[in-house]
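Keeping their order, the protein sequence lines are chains Z and S. Under my numbering, residue 220 is the last one in the first sequence; the count climbs by one each step, no gaps. Under my numbering, residue 220 is the last one in the second sequence; the count climbs by one each step, no gaps. Yeah, the Cβ is synthetic: ideal placement off N, Cα and C, and Gly gets one too. For clarity, every value in this text was computed on a predicted model and none was experimentally measured. Okay, structure first, notes after.
2 protein chains.
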Amino acid sequence: MLDPGEPKFRRRKADRPREIIEAAMAVFAERGFAAARLEEIARHAGVSKGALYLYFETKEEIFRAVVDLAIAPNIEAVRAMVVAHPGPLADLLRLVAERVGTLMETLPVGGVIKMVIAEAGNFPALARVWHDDLVAHILGALTDAIRAAQGRGEVRPGDPRVYALEIIAPMLVGLIWRETFVPVGAAPFDLPAVARQHVETMIEGMKARNPNSGEARA
Amino acid sequence: MLDPGEPKFRRRKADRPREIIEAAMAVFAERGFAAARLEEIARHAGVSKGALYLYFETKEEIFRAVVDLAIAPNIEAVRAMVVAHPGPLADLLRLVAERVGTLMETLPVGGVIKMVIAEAGNFPALARVWHDDLVAHILGALTDAIRAAQGRGEVRPGDPRVYALEIIAPMLVGLIWRETFVPVGAAPFDLPAVARQHVETMIEGMKARNPNSGEARA
DNA sequence: CATTAATAACTGACCGGTCAGTTATCAGAG
DNA sequence: CTCTGATAACTGACCGGTCAGTTATTAATG
């Protein structure tokens, strides 16, 4: 059963943190914070439970590491894209939709979002960080872009922050759908296709009917 | 400290289950299933922990009771509305938006949705019930209504199920927003207003550009 | 051999669930 | 109306299991 030539473990200090975070991401995403067992995370990472404490102080610190390191940079990239874009809103939205569509398939972002939603009550600090450093920025950037487009007469009146919510929501719900209902047999959504169709719906739905007007009542 | 005239407890068999479910809803919504303490639920309900077991067998049964009894009937009513409506899609959507807008403010549906999302990994059976008995029905009814509208040439081509997702998503995300980010200081959304604005955006965004066409390629 | 990554056995706190005992309530007797 | 015995709603201390975190020990590596 056990080859004596094979060592019982290897010393690989450099790779451990990343491996642990990846393992933790999987387990946290499936179980939620409270129900996740450190022993299961350790097993996933191919180490013993004690080894986790060589790299992290507490379970909560592992949780933060997962949330911080796995997702933030990518979402931040999307925000930067929105802020930088000067042209017509429709072009920007198509660009963002394409980018977000691929990100959703690449990153394990769905599980993390689920975690943040689920544990917001137990870790208000975490929810606050996510909101202040990430969600609010993205929503704010989009809101600004929409408001500017309203100023140029591209977009018809309406609360620009609500428009931003309308734009983002289906992607978010698509992710949650994948994490929550697909595993129990629900028909999946093709997320990039959802992003593409929705962006066209929104472009059409937000378009100013009367192309002059710019800066009508909100 | 203790008025001897005041009894230590009252016997109120009839009201207890409802009170316990309401208390449990609050605690589960805030903490999630695993992190919720039965003692806290009991305290909220104004009874001792032991009393919980006079009315429910296990913690999980309390959880099911919360999910089952609090929400399902109301959402079902919306579904029935969709199925029954024969007229133009735009009218139906405005009707639904109005109804859903008020329901969101009345019911504690946000907390329950959060719970279902959060605990889907630990209670696949619960997620399955919610999907099969509720979510799939609503999404299906909307999808059918949209497909019919496409057949009448009201709505332009596109996956009707994705359109249904686009319609529902902002309300859902609005609820999640309220539960997750508002408690940590985020600016709230006026949910009925979101519903109203979004339904107009969607009506415009789905409208067939070329009013004849009906039944183009999906 | 010295160093230290990693293990595995261990501890202590916590919590779901139980149950022996307590108390509110009420029916019937006086 | 008062007393009393019967009933069952309710309490709270307790138990057993689980799990985050600790530590004594082992073994990989240079």
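Same chain only: Cβ atoms within 7 Å of residue i, ignoring 5 sequence neighbours per side
i: residue 104 of chain S; result: 194
i: residue 162 of chain Z; result: 145, 148, 149, 152
i: residue 139 of chain Z; result: 81
i: residue 50 of chain Z; result: 44
i: residue 211 of chain S; result: 158
i: residue 96 of chain S; result: 201
Sequence-distant residues of its chain with Cβ nearer than 8 Å to residue i (five each side left out)
i: residue 29 of chain Z; result: 38, 39, 42, 43, 46
i: residue 180 of chain Z; result: 112, 190, 191, 193
i: residue 31 of chain Z; result: 110, 112, 113, 114, 116, 117, 181
i: residue 57 of chain S; result: 18, 19, 22
i: residue 184 of chain S; result: 190
i: residue 132 of chain S; result: 69, 118
i: residue 141 of chain S; result: 163, 166, 167, 170
i: residue 4 of chain S; result: Model confidence at residue 4 of chain S stands at a pLDDT of 36, short of 50, so the residue's coordinates are unreliable; what they give is reported in the following sentence. So no residue of the chain qualifies.
i: residue 124 of chain Z; result: 35, 36
Backbone secondary structure at residue i - three-state DSSP
i: residue 61 of chain Z; result: helix
i: residue 5 of chain Z; result: Note that residue 5 of chain Z has pLDDT 45, beneath the 50 cutoff, so the model's placement of it is unreliable and the number below is only indicative. Three-state result, residue 5 of chain Z: coil.
i: residue 51 of chain Z; result: helix
i: residue 30 of chain Z; result: helix
i: residue 19 of chain Z; result: helix
i: residue 177 of chain S; result: helix
i: residue 10 of chain S; result: coil
i: residue 123 of chain S; result: coil
i: residue 187 of chain S; result: coil
i: residue 134 of chain S; result: helix
i: residue 109 of chain S; result: coil
i: residue 215 of chain S; result: Only weak support is given to the placement of residue 215 of chain S: the predicted model assigns it a pLDDT of 48, under 50, and the question is left unresolved by the model.
i: residue 99 of chain S; result: helix
i: residue 81 of chain S; result: helix
i: residue 201 of chain S; result: helix
i: residue 88 of chain Z; result: coil
i: residue 38 of chain Z; result: coil
i: residue 192 of chain S; result: coil
Short Cβ contact (8 Å threshold) for residue i with residue j
i: residue 77 of chain S; j: residue 144 of chain S; result: no
i: residue 34 of chain S; j: residue 121 of chain Z; result: yes
i: residue 166 of chain S; j: residue 148 of chain S; result: yes
i: residue 101 of chain Z; j: residue 80 of chain Z; result: yes
i: residue 156 of chain Z; j: residue 75 of chain Z; result: no
i: residue 207 of chain Z; j: residue 207 of chain S; result: yes
i: residue 130 of chain Z; j: residue 186 of chain S; result: yes
i: residue 64 of chain Z; j: residue 26 of chain Z; result: yes
i: residue 94 of chain Z; j: residue 84 of chain Z; result: yes
Residue(s) in a DSSP beta bridge with residue i
i: residue 209 of chain Z; result: Z:157
Contact set for residue i: own chain, Cβ-Cβ below 6 Å, skip 5 residues either direction
i: residue 92 of chain S; result: 205
i: residue 200 of chain S; result: 172
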